[in-house]
RNA sequence: GGAGACGUGUCCGAGUGGCUUAAGGAGCACGCUUGGAAAGCGUGUAUACGGGUAACUGUAUCUAGGGUUCAAAUCCCUACGUCUCCGCCA
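Numbering (the numbering used here), first residue to last: 426 to 840.
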């Protein structure tokens with residue numbers, strides 16, 4: 426959510442952001458409504474002040490046995506007027522609020538402008554594409570050889586777009602999760618949280634998944650609850666509606682969770698194996714920081730995620746997302762893409778974003794600074810990492826000629 | 001799922017329709033006092049949106065949303081949450 430004052434003072438910036446992010450939001454209508462709301466609020470305040478003043482006189486008048494018929498009649502009229510005005514005010518607030526929900530965050534000035542991922546900017550890479558003296562297999566062939574996954578039976582339990590890890594496959598996935606969690610906790614000093622993966626509507630608004638992505642979410646109708654598409658939702662909303670002390674900041678959290686995505690609109694895309702799933706596991710990092718620290722923190726979180734791939738010895742590259750590829754709530758995002766030699770493709774395994782105060786405003790997460798001023802925190806999150814695609818790269822990179830997988834030592838100690 | 005109790009500020013806690021401008025206490029901050037500390041004393045202590053150069057000031061917020069009333073923390077309805085008991089299930 427953007428501050429209405431900010432919108433008012435930066436109309437052109439906001440309109441440009443909406444256009445560059447391929448969003449639709451009617452800023453002119455918002456400004457008109459805000460003006461009207463302000464006027465209505467003032468009318469209400471004045472009349473209400475009058476009502477309170479006179480109401481306080483009534484008991485005195487009654488005590489003096491004065492005739493209050495006339496004054497009561499007058500007050501009755503004020504009361505009615507107030508009702509009308511306050512219902513207008515409610516309508517205006519509601520309308521304004523629902524429009525503001527659709528205004529995306531402003532991209533940071535460093536973010537390349539462009540309408541889709543073809544404008545993403547290459548930043549750096551680490552390691553080299555693995556080379557083989559035989560023709561490397563892709564992860565599907567490898568998992569078949571080693572019996573790591575079952576992609577057929579799983580459709581009986583649920584349907585397509587789900588995976589079952591079997592035997593050593595399940596062990597590898599579990600090792601990955603434990604390895605990553607441990608790494609962030611011990612080496613990067615994050616605090617582990619284990620939170621619900623079922624959240625209410627308010628939380629989904631808080632982190633900005635709603636209203637835009639409702640179609641992409643699994644909904645539990647009876648309760649109006651959602652399955653989280655990422656642990657970011659649970660972690661960030663952990664502090665929903667709080668005023669923290671500056672002494673508590675920065676907060677660094679890491680959490681493992683399954684993630685649920687309907688992937689509506691991407692049927693038939695990347696359906697092969699582990700590429701795109703309705704349910705997958707992910708280790709997620711979230712930080713709440715003071716505003717002046719957030720961009721430095723973004724760089725640190727990128728390094729935290731990179732460290733995992735380095736430890737696993739997987740070649741990757743980092744790109745900075747263009748405005749059109751940026752998520753609704755993000756001001757700046759780095760994607761880490763890992764190389765999978767058998768598939769001969771880079772796969773996105775991490776997305777690290779700075780939301781500045783966009784989520785903090787929606788979820789109302791504030792802090793009292795050194796001068797006792799209440800300000801919004803900045804929120805950031807990053808995958809560290811998503812397991813299925815990491816698994817693809819892992820299997821394909823460490824395959825041997827005989828089709829066996831020779832896993833790096835950092836993982837085998839977790840198996 | 002059934003029955004009941006409860007929900008007040010940072011926390012505890014008073015408050016059954018107007019004398020509440022939410023008492024009182026604790027905590028916290030600052031000051032006085034002290035060689036230093038503690039105790040004591042004094043002062044301050046929410047958030048949001050308006051108005052004003054400012055001191056200051058108007059409105060809203062007692063879980064949330066509705067209702068009754070000239071007037072609601074207080075009465076009524078609904079939702080949510082917490083706790084207790086019962087039932088059911090791990």
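Note that the Cβ used here is the ideal one computed from N, Cα and C, for glycine as well. Source: prediction; values computed, not measured.
Test item: CB-CB of residue i and residue j under 7 Å
i	j	result
residue 711	residue 661	yes
residue 841	residue 719	A query on residue 841 cannot be resolved here, the shown segment of the chain reaching from 426 to 840 and no further.
residue 689	residue 807	no
residue 664	residue 586	no
residue 813	residue 705	yes
residue 469	residue 514	yes
residue 784	residue 580	no
residue 775	residue 810	yes
residue 429	residue 439	no
residue 695	residue 542	no
residue 840	residue 600	yes
residue 792	residue 674	yes
residue 649	residue 687	no
residue 842	residue 746	Any answer about residue 842 is impossible in this case: the structure gives the chain only from 426 up to 840.
Nearest neighbour of residue i, chosen from the options [CA to CA]
i	options	result
residue 821	430, 707 and 740	740
residue 544	793, 744 and 804	744
residue 457	517, 427 and 488	517
residue 707	767, 602, 701 and 773	602
residue 507	632, 476 and 493	476
residue 638	753, 535, 444 and 598	753
residue 617	677, 634 and 586	677
residue 669	760, 610, 713 and 751	713
residue 659	674, 619 and 648	619
residue 835	827, 446, 597 and 503	597
residue 815	738, 797, 827 and 794	738
residue 522	459, 447, 487 and 796	459
Secondary structure of residue i, DSSP reduced to three states
i	result
residue 635	coil
residue 609	helix
residue 824	strand
residue 477	helix
residue 791	strand
residue 583	coil
residue 710	strand
residue 688	coil
residue 744	strand
residue 659	helix
residue 507	helix
residue 429	helix
residue 780	coil
residue 757	strand
Distance between residue j and residue i (C-alpha atoms, nearest Å)
i	j	result
residue 685	residue 499	59 Å
residue 591	residue 573	5 Å
residue 472	residue 461	17 Å
residue 748	residue 539	6 Å
residue 715	residue 782	10 Å
residue 829	residue 556	16 Å
residue 453	residue 787	21 Å
residue 575	residue 772	21 Å
residue 636	residue 628	11 Å
residue 625	residue 562	43 Å
residue 651	residue 583	18 Å
residue 567	residue 532	41 Å
residue 634	residue 426	12 Å
residue 479	residue 495	12 Å
residue 474	residue 493	20 Å
residue 578	residue 727	37 Å
residue 553	residue 672	43 Å
residue 701	residue 511	49 Å
residue 465	residue 509	11 Å
residue 697	residue 450	36 Å
Those residues which DSSP pairs with residue i across a bridge
i	result
residue 835	According to DSSP, which records beta bridges pairwise, residue 835 is partnered with nothing at all.
residue 668	791
residue 382	Absent from the structure is residue 382, since the part of the chain shown begins at 426 and ends at 840.
residue 652	623
residue 797	Beta-bridge pairing links residue 797 to no other residue.
residue 771	764
residue 683	706
residue 576	Looking at the DSSP assignment, residue 576 forms no beta bridge with any residue, so it has no partner.
residue 547	744
Any non-hydrogen atom of the ligand ADP closer than 6 Å to residue i Cβ
i	result
residue 722	Although the ligand ADP was asked about, the structure shown includes no ligands whatsoever.
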